[in-house]
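Reading the sequence shown from the start, the letters are residues 20 to 203 in this note's numbering.
Positions of the beta carbon are idealized from the N, C-alpha and C atoms, including for glycine.
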Amino acid sequence: MPRITPFAKPYPPEFDARMKVLMRGAEPLVLFTTLATNDRAWTKFSGGSLLDKASPLSMRHREIVIDRTCAKCGNEYEWGVHIAGFAPHIGMNDAQIYATVHGEATDPVWSPEEATLIATVDALIDHKKLTDAEWTSLKTHFDEPQALEIIQLVGFYHGVSLICGALDLPLETNAARFPAAKGD
């Protein structure tokens with residue numbers, strides 16, 4: 020039983036109109052229909068999105084940050100939604116998908132820039148800050164607007180992970196699942 024009952028059809032007109040654009044004909048995510056039951060929660064959540072075309076990051080870099088953040092936070096719900104929705108479009112292969120969950124920044128599946136993204140997410144999730152060396156590494160590959168976007172993505176999707184975990188959202192049926200660790 021859901022902790023908060025999500026919207027059911029028929030959706031409120033404004034929400035329905037927004038979902039038709041955002042979801043491009045697919046059903047709205049349970050995360051969205053749950054948060055939208057509270058106007059303030061939905062407005063603040065949807066207003067904080069960083070998935071627009073104005074991002075200073077490439078879609079691939081953005082998605083690596085989101086995927087790793089969600090995986091580090093144990094958020095299979097959002098990780099699965101992003102892998103299913105974006106991995107095919109950004110050329111993410113099975114080894115890289117696996118590495119977002121079970122890998123390290125040093126895995127050979129990552130380019131130097133991508134390894135820096137993984138290391139940055141890990142440092143922020145594990146230690147809640149970046150050392151001078153970690154900042155220097157980040158700035159070697161990304162300019163200041165990009166670095167700020169990376170940090171904001173980690174913070175936003177850490178928050179999304181807390182929301183999904185607290186609400187114990189059921190996994191979306193069309194989303195990916197965490198890959199089993201090798202040897203399991």
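1. Identify every run of the alpha helix (DSSP H) within the segment 86 to 126, keeping only runs that are complete inside it and at least 4 residues long; order them along the chain.
2. With a cut-off of 8 Å on the beta carbons, I'd call residue 81 and residue 172 a contact; round off their distance for me.
3. Taking a contact to mean a Cβ-Cβ separation below 7 Å, would you say residue 142 touches residue 153 in this structure?
4. Tell me whether residue 172 sits in a helix, a strand or coil according to DSSP, three-state version.
5. So, for residue 138: in the same chain, excluding its five sequence neighbours on each side, which residues have a beta-carbon less than 6 Å away from its beta-carbon?
6. Here's the rule: buried if 16 or more other CB atoms are within 10 angstroms of the residue's CB, otherwise exposed. What is residue 120?
7. Can you tell me where the alpha helix (DSSP H) with residue 144 in it begins and where it stops?
8. Is it the case that the segment 35 to 51 contacts the segment 124 to 134, given that we only count it when at least three CB pairs across the two stretches are under 8 Å?
9. If distances are taken between C-alpha atoms only, which option among 183, 182, 102 and 169 comes closest to residue 207?
10. For residue 101, count neighbouring C-beta atoms within 10 Å of its own C-beta (all shown protein chains included) and say buried if the count is 16 or more, exposed if not.
11. Pick helix, strand or coil for residue 38, following the three-state DSSP scheme.
12. Could you tell me the distance, in whole angstroms, from the CA atom of residue 99 to the CA atom of residue 196?
13. Within a Cβ cutoff of 8 Å, which residues of the same chain sit near residue 185, ignoring the five residues on either side of it in sequence?
14. Quick check on residue 111: buried or exposed, where buried means 16 or more other Cβ atoms within 10 Å of its Cβ?
15. Can you round the beta-carbon distance between residue 26 and residue 56 to whole angstroms, since I take them to be within the 8 Å contact cut?
Working from what's here:
1. Scanning the segment 86 to 126 for uninterrupted alpha helix (DSSP H) segments of 4 residues or longer gives 95 to 109 and 113 to 121, listed from N- to C-terminal end.
2. Counting from 1 along the sequence shown, the entry for residue 81 is found at position 62. Counting from 1 along the sequence shown, the entry for residue 172 is found at position 153. About 7 Å separates the two Cβ atoms, so the contact holds.
3. Within the sequence shown, numbered from 1, the residue matching residue 142 stands at position 123. Within the sequence shown, numbered from 1, the residue matching residue 153 stands at position 134. Yes; because the gap between Cβ atoms is below 7 Å, this pair is in contact.
4. Here residue 172 is taken as the residue at index 153 of the sequence shown, counted from 1. Note: residue 172 maps to helix in three-state DSSP.
5. Translated into positions along the sequence shown, residue 138 becomes position 119. Excluding positions up to five away in sequence, the list reads 124.
6. As a first step, residue 120 is located in the sequence shown; it is residue number 101 there, counting from the start. Buried, since its Cβ has 16 or more Cβ neighbours within 10 Å.
7. As a first step, residue 144 is located in the sequence shown; it is residue number 125 there, counting from the start. Counting along the chain, the alpha helix (DSSP H) containing residue 144 begins and ends at 131 to 146.
8. Cβ pair count under 8 Å is below three, so no.
9. Outside the displayed range of the chain (20 to 203) lies residue 207, so it cannot be described from this structure.
10. Here the question's residue 101 lines up with position 82 in the sequence shown. So residue 101 ends up on the buried side.
11. Position 19 of the sequence shown, counting from 1, holds the residue named residue 38. Residue 38 falls in the helix class under three-state DSSP.
12. By 1-based counting over the sequence shown, the position of residue 99 is 80. By 1-based counting over the sequence shown, the position of residue 196 is 177. A direct Cα-Cα distance of roughly 6 Å separates residue 99 from residue 196.
13. What you label residue 185 is simply residue 166 of the sequence shown in a count that begins at 1. The residues are 22.
14. Here the question's residue 111 lines up with position 92 in the sequence shown. Under this definition residue 111 is a buried residue.
15. If you number the sequence shown from 1, residue 26 lands on position 7. If you number the sequence shown from 1, residue 56 lands on position 37. Sure, about 6 Å apart at Cβ, within 8 Å.
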